[in-house]
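Chains as they are written, first to last, in the numbering used here: chain A, 9 to 184; chain B, 5 to 344.
All C-beta atoms in this analysis are idealised placements derived from N, C-alpha and C, irrespective of residue type, glycine included.
Here the structure comes first, spelled out in structure tokens, and everything after it is commentary.
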Amino acid sequence: MLCQSCKKNQATTHIKNIVNGELTEKHLCSECAAKQGYSNVFENMFDIGSFMSGFMGEPSFALATEKHCPNCGITFSQITKSGRVGCSKCYDIFYDRLLPSIKRIHGNTFHTGKRLRKPQLESGENSKSEVKTSSKSELELLSDELQKAIKSQEFEKAAQLRDKINALKAEQGGNQ
Amino acid sequence: MFTKWYEKNGKDGEVVISTRVRFARNLEDYPFPIRASANIKKEIAEKVKDAVLNNNSVIATRFSCINMDNIDTGKKVSLVERHLVSPEFISGNEERTLLLLDDESVSIMINEEDHIRLQVMTEGFDLDKAYELASRIDTLLDERLKFAFSDRLGYLTQCPTNLGTGMRASVMLHLPALRATKAMRKIAENLTKLGLTIRGAYGEGTDPVAGMYQLSNQISLGISEKTAIDNLKNITKQLIAQELKARNAICSQTVIQDRVYRSEGTLRYARLISCDEALKCLSDIRMGITSGLVKNISLDTINRLIVEIQPATLMQSIGKNLEPSERDEERANLIREAVL
Ligand SMILES: [Zn+2]
Ligand SMILES: [Zn+2]
């Protein structure tokens, strides 16, 4: 479907409105949507999954390495594509990756408003995040490196890392 | 029958038509609507209904429950025209249920973008009143439903734009003089820098013919409810002062007086009138009343008409579907009787 405003780009944003007693939907491309004040909050985010599939020509790569939220099953690229988060646990699971967008939207990353329940013990919170960093698997470390390599446009290194990741995945798959 | 908020004029009613405070909330133990099956949504709807309807608060018995699957399109569109639900809410997704207070000041949308969208509306400029009521209902519901909340990110919502307080506070402003003096574009630019947005309240685009705008806070994380509301209050006060000053200046011009009196003539005598033309005329008259040009019509009447002339709401009150030309006739009749 083409964008109704510029009639050039593919429409990706659909805005519902009431016009003359009828429910209508406006279809806009991301640029025109942004101009009119509507946009997918993740639109400009660097998404490793879709980048790699385009770059390597291997769409299965993204699927193979992507982490799913254990609670609702959503992946990070599904989140960035829809602009919607799957469940409250997603905010823990994908916290680091969501944070740049959250910061860009609000200019802040910490809630200062209404609190009905007492905050959880600080120590609990800390130990949880410590466990998370120390238990980073080799796979996760490699993925981090890969992300860095892509960001700095070291595509050869990225390709090597991708091969390593795939090999490791195959190995782990075989062990199970 | 209760008088509805849109049938009366409130504080600073010359410029502020209504105030709205809305909270986005989700139940901790369920996936957000985008990942929830019809069955899960049904379960959520039942839980929320139970929490709202079966508690000991004085307002519990004043809510009615409307399942969106069980009402016709006209009724749904009229709910949007009366600002009780969002256009998104009536767009045909399953298990959407509305809990509506008898005077239509509180609406609770279930399974919209979030499990719960709690909204309080008041006439005129009264952010404190709207916030206090919304917050009280929120606290009451949290006891029964346990809302998804994180120490760091506050209330957790399906779209990250609502994280933190989950609050959007807004005022509907009538700014015909600022619009006429072409000041709105610059004002809108400056508001963005202050974390607020302004949009046309009726129809599309940023330059609404009737000069009605919705001003709201944009940021909800890292800012407390009180601060966000105080910001909105301060900016609104400034806009009220600027608008009244601009009205004073332009209402002494013959060309503006001519426009106001022509609009009065149209509303008093027209036999056919479209929604757009009616809104434009009502806007002129509204400005005319507050500047002393138009007598014998109250702002209550104008506010009520702005809602009642909307196509779906008009057909609801007539009780049948009408062709656009028939609507224009009924609309003209309704207005003539009201401004007599
Ligand atoms: Zn476009
Ligand atoms: Zn999830």
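Spatial distance of residue i from residue j (CA atoms)
i	j	result
Thr-120 of chain A	Ile-223 of chain B	12 angstroms
Lys-133 of chain B	Thr-65 of chain B	21 angstroms
Thr-23 of chain B	His-178 of chain B	12 angstroms
Ala-336 of chain B	Ser-41 of chain B	46 angstroms
Ser-287 of chain B	Met-216 of chain B	8 angstroms
Tyr-159 of chain B	Gly-226 of chain B	12 angstroms
Gln-123 of chain B	Met-176 of chain B	14 angstroms
Ser-85 of chain A	Ser-154 of chain B	23 angstroms
Leu-2 of chain B	Arg-92 of chain A	Any answer about residue 2 of chain B is impossible in this case: the structure gives chain B only from 5 up to 344.
Ile-82 of chain A	Met-319 of chain B	43 angstroms
Ala-166 of chain A	Ser-95 of chain B	44 angstroms
Thr-7 of chain B	Asp-304 of chain B	11 angstroms
Lys-299 of chain B	Asn-13 of chain B	16 angstroms
Beta carbon proximity, residue i to chain A, threshold 7 angstroms
i	result
Gln-257 of chain B	no
Ala-316 of chain B	yes
Asp-76 of chain B	no
Gly-204 of chain B	no
Ser-41 of chain B	no
Gly-158 of chain B	yes
Phe-36 of chain B	yes
Leu-225 of chain B	yes
Ala-152 of chain B	yes
Glu-330 of chain B	no
Ser-61 of chain B	no
Glu-229 of chain B	yes
Thr-196 of chain B	no
Cutoff 7 angstroms: residue i Cβ touching any chain B Cβ
i	result
Thr-120 of chain A	yes
Lys-24 of chain A	yes
Arg-112 of chain A	no
Ile-82 of chain A	yes
Arg-170 of chain A	no
Arg-92 of chain A	yes
For residue i, the three-state DSSP class (helix, strand or coil)
i	result
Phe-93 of chain B	helix
Ser-61 of chain B	coil
Met-113 of chain B	strand
His-114 of chain A	helix
Val-19 of chain B	coil
Ala-173 of chain B	strand
Gly-269 of chain B	helix
Ile-70 of chain B	strand
Ser-228 of chain B	coil
Leu-31 of chain B	strand
Val-264 of chain B	helix
Leu-157 of chain B	coil
Phe-84 of chain A	helix
Thr-143 of chain B	helix
Nearest-angstrom beta carbon gap, residue j and residue i [assumed within contact, 8 angstroms]
i	j	result
Gly-128 of chain B	Arg-29 of chain B	With 8 angstroms as the limit, Gly-128 of chain B and Arg-29 of chain B do not qualify as a contact, their Cβ atoms being about 26 angstroms apart.
Ile-75 of chain B	Val-110 of chain B	Actually they are not in contact, since the Cβ atoms of Ile-75 of chain B and Val-110 of chain B sit about 19 angstroms apart, beyond 8 angstroms.
Met-291 of chain B	Val-264 of chain B	7 angstroms
Pro-164 of chain B	Ile-23 of chain A	Rounded, the Cβ-Cβ distance is 19 angstroms, inconsistent with contact.
Cβ of residue i within 7 angstroms of any chain E Cβ
i	result
Ser-96 of chain A	No chain E appears in this structure, whose protein chains are A and B.
The stretch 91 to 102 of chain A in contact with the stretch 139 to 149 of chain B per 3-pair CB rule at 8 angstroms
no
With three or more C-beta pairs closer than 8 angstroms as the rule, is the stretch 39 to 46 of chain B touching the stretch 274 to 283 of chain B?
no
Stretch-stretch touch, CB-based, cutoff 8 angstroms, three pairs: the stretch 93 to 105 of chain B with the stretch 48 to 64 of chain B
yes
Should the stretch 262 to 270 of chain B be called in touch with the stretch 317 to 327 of chain B, which here means at least 3 C-beta pairs below 8 angstroms?
no
Counting pairs of Cβ atoms below 8 angstroms between the stretch 243 to 254 of chain B and the stretch 291 to 305 of chain B, do you hit three or more?
yes
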